[in-house]
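Numbering (my numbering), first residue to last: 1 to 258.
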């Protein structure tokens with residue numbers, strides 16, 4: 001049953017001095033909307049940051065102006081699909097799923113096996129390309145803007161993330177409204193505003209991707225340590241945002257955040 005998202009608190013006096021002004025997110029979304037003359041797509045994986053952004057978009061009255069999309073890789077946790085349905089119901093939105101092409105999956109499995117992503121970093125990146133990168137290109141086709149839940153402190157590879165970055169190869173504006181938030185700030189916001197979250201987070205799954213490629217992390221481990229943990233590459237990326245060289249891909253700083 002749909003319920004209205006809990007209102008963003010307006011009394012900033014109740015906000016601790018070391019907390020980023022949460023109302024900046026609403027300003028950033030409005031700024032991004034004004035900067036993009038065409039369609040804006042928000043790709044969500046239903047992680048903590050994406051759920052916070054979904055709440056913000058709905059609360060700001062932008063749900064009809066932004067296209068919600070997700071990459072349904074075929075190897076997701078059941079909890080992700082459950083949260084997908086819950087999120088649509090909670091916010092009264094429709095989230096379009098983009099799945100890999102069946103022929104591409106058949107070819108991939110034939111060439112490297114059902115779990116071939118464990119053979120080498122190269123076979124893993126090939127799996128990510130088929131299940132994520134190709135569907136992403138379809139999701140972003142024709143878009144003028146792309147909203148992401150990236151945070152600069154998620155990993156060293158994402159440290160250069162900023163609010164607005166020009167994706168020159170795709171010809172769109174990449175928008176990261178939470179780029180300067182910490183995970184603790186996002187979690188605090190979600191708890192106070194009763195944002196629906198993946199129950200796997202409470203079991204130590206901080207960064208959640210495909211089920212075979214995600215594990216819970218121990219206290220003190222980096223956020224993305226649970227992704228492709230058998231690899232030694234510190235980047236821990238699938239290629240959506242950071243390339244195999246560990247650099248933020250296709251992006252150049254465009255503007256400072258408000």
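In this text, a Cβ means the ideal position worked out from N, Cα and C, and glycines have one as well.
- DSSP assignment within the segment 80 to 157 yields the following whole beta strand (DSSP E) runs of 3 residues or more, N-terminal first: 95 to 98 and 145 to 147.
- Looking only at 152, 205 and 108, the smallest Cα-Cα distance to residue 77 is reached by 205.
- Going by beta carbons, residue 223 and residue 155 fall inside the 8 angstroms limit.
- Residue 41 has 67 and 146 as its beta-bridge partners, per DSSP.
- Looking from the CA of residue 57, the closest CA among 178, 143 and 83 belongs to 178.
- When the alpha-carbon of residue 70 is set against those of 165, 59, 83 and 62, the nearest one is in 83.
- DSSP places residue 188 inside the alpha helix (DSSP H), whose first and last residues are 183 to 192.
- Residue 208 places its beta carbon 8 angstroms or farther from that of residue 197.
- The straight-line gap separating the alpha-carbon atoms of residue 189 and residue 94 is approximately 23 angstroms.
- The alpha-carbon of residue 165 is positioned some 28 angstroms away from that of residue 214.
- Looking at the DSSP output, residue 175 sits in a beta bridge with 147 and 164.
- Looking at the DSSP output, residue 227 sits in a beta bridge with 214.
- For residue 211 against residue 75, the beta-carbon gap comes to about 6 angstroms, under 8 angstroms, which counts as contact.
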